Structures are given as C-alpha cells and as structure tokens.
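What follows is a short report on a single structure.
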Amino acid sequence: MKPARRGFLMGMFLMLLNQTSGSLALITYASSIFELASSPSATTGKYSALPASISSIVLATIQLLGTIVSLVLVDRVGRKVLLIVSCLGMAVGYITLASYVQFILPADSSLLDRAIVVPSITSRFLPICSLSFSILLASIGLLTVPFIVMAEVLPSKIRNIGSTICMTIVALSAFAVLKIFPILLDTIGLAATMGGVAVNCLVGATVVTLFLPETRGKPLLLAEEMEQNSGSGRTERV
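With mature numbering (1 follows the signal peptide of the UniProt record, and there is no 0) applied, the sequence shown covers -25 to -1, 1 to 213.
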C-alpha cells in the first residue's frame, strides 16, 4: 500500500476511534451515567459518594489534568505507546463499571428490598473512580494524540484534503455518537453500553499496535522523501 493511502486510512481510523471510544459521550452524559450507577438508599433510592453534578465537574477537572500530562509525555514516550496505553486503560475502566452495574448493583438493590442497606466503599466510589480513570487515560492519549499523528502520517500532497476529510469524520462521528449513546442507555442498559465502547477501545489498541508507525522525532516529510528517493533510484536503474 502506498504511504499516502496508508497514512490517510490511519488518520481516518484514529479520528473515528477518537469518538467511538465513548469519551466525549461519557463527559456529555456524565450526570445520567452516575445516576444509573448509583447505589440504592433506603431513603432516597439512590446513593453515591458525590452528587451527579459534582461528579461531572470532577471528570472535567481530570480531563484537564490528563491533557496536561499528555503534552508532557507525547514527545518523551511516543505517540504509539500513549495511544495503546490509552485504549487499554479506557477499556479497563469501562469493563470495571460494566461489571459493577451488572453484578454488584443488583445485589445492593436486593438488600434495599430487604431494608438492609449498608452502602459499601465499593458502591460509593467505584463508579466515579472507574470513569475518572477512563477519562484520565482518554485525555492522555485518544483525545489529543490522534490530531498530532494525523498531521504526521499525511504526506504534504494530500495533507490539506486529508485533514479536511478527517476533521469531517470527527464531527460526523461525534454527532452520531452523542445521538445514539442515550438511546443505547435506554434500550440495552449501561452495562452493555460500557461493554460495547470497551470493545471499540480494544479493537483500536490492536489496530494501533499492528499498523501505526511510531512518528515521534521524525520530520513530517521524512516518509515522502524516502518514497521520492526510492522512485528516483528505480528511474535511474531503468
């Protein structure tokens, strides 16, 4: 596959992964997610360590901190490593929340039916901790690094049109995800929705591991210069 086509396809994939990983949807619908993941209480019916509105502010603060960490690490660790770690970390956070909602939360609800409600530390803090972990890892990698990599993998001859198409994909996928996400919460539930975005993150980690070259420390035009030199060598031999 030609470098221009390979770079263009990888840029489009990273832009799509940027949204289908679910990080923007989690931040947007954080209040609803925390309400669904709250443990039962004998008085109010729901119990959580923090109110849903405050939890959303916590997530936004963690996102800011993760972005700062990403700026520090991106040229030290490398783009590929940050993306892989980000995808795997987000998947771990999503699966943790899905497991909690699927297995622990029903047990707390059964205790409520028996009027024996003693919210554990896990029930209080696991939802906010798992989502905070996912947002932190997303901010370190998937929310920031794809835009850097996009500029580095697109050759100059297609960089303008390629960047335009990639940013269009981001906008369209963000619109689609934000519209579909609440529907999924209402139809298949929080646990299945978290499991779905976890699978997307695992697929993204696999694709990045197998197909994305490390671009740290490499000039933007290095790949196309090598391609031109290779083409010139073949012409001379002919």
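Glycine included, every Cβ here is placed at the ideal spot set by N, Cα and C.
All of these numbers come straight from a predicted model, not from anything done at the bench.
| Is Ala90 buried or exposed, if buried means 16 or more other CB atoms sit within 10 Å of its CB? | Taking the first residue of the sequence shown as position 1, residue 90 is located at position 115. Low local confidence applies: a pLDDT of 42 at Ala90 is under 50, so the model's placement there is unreliable, and no value is given.
| Just checking, does the stretch -21 to -14 make contact with the stretch 133 to 144 on the three C-beta pairs under 8 Å criterion? | The stretch -21 to -14, when compared against the stretch 133 to 144, does touch it at the 8 Å Cβ threshold.
| task | Sort Thr119, Leu159, Leu177, Ile163 by Cα distance to Val44 and report the nearest one. | result | Reading the sequence shown from its first residue, position 69 is the one you call residue 44. Residue Thr119 is the option with its Cα nearest to Val44.
| Would Ser31 pass as a contact of Met65 if the rule is Cβ separation under 7 Å? | Locating residue 31 in the sequence shown gives position 56, where the first residue counts as 1. Locating residue 65 in the sequence shown gives position 90, where the first residue counts as 1. Cβ atoms of Ser31 and Met65: not closer than 7 Å.
| task | Quick one: residues in its chain with C-beta nearer than 8 Å to the C-beta of Gln77, no 5 flanking neighbours on either side, listed in chain order? | result | Along the sequence shown, one-based indexing puts residue 77 at 102. Apart from sequence neighbours up to five positions away, the residues of its chain that approach Gln77 with a beta-carbon distance below 8 Å are Ala166, ordered along the chain.
| Helix, strand or coil for Ala12 per DSSP? | Locating residue 12 in the sequence shown gives position 37, where the first residue counts as 1. Residue state for Ala12 is assigned as coil, using DSSP reduced to three classes.
| field | Complete runs of the alpha helix (DSSP H) confined to the stretch 45 to 88 [at least 4 residues] | value | Segments of the alpha helix (DSSP H) lying fully in the stretch 45 to 88: 54 to 74, 80 to 88.
| task | Within the stretch 101 to 175, note down every full alpha helix (DSSP H) run reaching 4 residues or more, in order along the chain. | result | Taken in chain order, the complete alpha helix (DSSP H) segments of 4 or more residues contained in the stretch 101 to 175 are 120 to 128, 131 to 162.
| task | Find the nearest neighbour of Ala149 within the set Thr(-6), Lys(-24), Met(-14), judged by alpha-carbon distance. | result | Stepping through the sequence shown from its first residue, residue 149 is reached at position 174. When Thr(-6), Lys(-24), Met(-14) are compared, the shortest CA-CA separation from Ala149 is found for Thr(-6).
| said: What does the Cβ neighbour count give for Ile155, buried or exposed, with the cut at 16 atoms within 10 Å? | reply: What you label residue 155 is simply residue 180 of the sequence shown in a count that begins at 1. Burial call: exposed.
| query | Under the three-state reduction of DSSP, which class applies to Leu(-2): helix, strand or coil? | reply | Translated into the one-based positions of the sequence shown, residue -2 becomes position 24. Secondary structure of Leu(-2) (DSSP, three-state): helix.
| message | Please classify Ala151 as buried or exposed, where buried requires at least 16 other C-beta atoms within 10 Å of its C-beta. | response | Counting from one through the sequence shown, the residue named residue 151 turns up at place 176. Burial is judged here by how many other beta carbons sit within 10 angstroms of a residue's own beta carbon; Ala151 has fewer than 16 and is exposed.
| request: Measure how close the beta-carbons of Ser(-3) and Leu117 come, nearest whole angstrom, since I'm counting them as under 8 Å. | output: As a position in the sequence shown, residue -3 is number 23, starting the count at 1. As a position in the sequence shown, residue 117 is number 142, starting the count at 1. Separation of the CB atoms of Ser(-3) and Leu117 is rounded to 6 Å, and the pair is thereby assigned contact status at 8 Å.
| query | Taking C-beta to C-beta, are Tyr75 and Ala173 nearer than 7 Å? | reply | Position 100 of the sequence shown holds residue 75. Position 198 of the sequence shown holds residue 173. No, these two residues do not count as a Cβ contact at 7 Å.
| From Ile140 to Ile79, what distance separates their C-alpha atoms? | Numbered from 1 along the sequence shown, position 165 holds the residue referred to as residue 140. Numbered from 1 along the sequence shown, position 104 holds the residue referred to as residue 79. Cα to Cα, the separation comes out at about 43 Å.
| task | Measure the alpha-carbon distance for Lys(-24) versus Ser6 and round it to whole angstroms. | result | Mapped onto the sequence shown, residue -24 falls at position 2. Mapped onto the sequence shown, residue 6 falls at position 31. Lys(-24) and Ser6 have their C-alpha atoms some 46 Å from each other.
| message | Relative to the C-alpha of Ala(-22), which candidate in Ser138, Val183, Ile29, Thr184 has its C-alpha closest? | response | Within the sequence shown, the letter at position 4 stands for residue -22. Nearest in C-alpha terms to Ala(-22), of all of Ser138, Val183, Ile29, Thr184, is Ser138.
| request: Measure the alpha-carbon distance for Thr3 versus Pro157 and round it to whole angstroms. | output: As a working mapping, residue 3 is identified with position 28 in the sequence shown. As a working mapping, residue 157 is identified with position 182 in the sequence shown. Linking Thr3 to Pro157 through their CA atoms gives a straight-line distance of about 10 Å.
| message | In this structure, how does DSSP classify Pro188 when only helix, strand and coil are distinguished? | response | The count along the sequence shown starts at 1 and reaches residue 188 at position 213. Coil.
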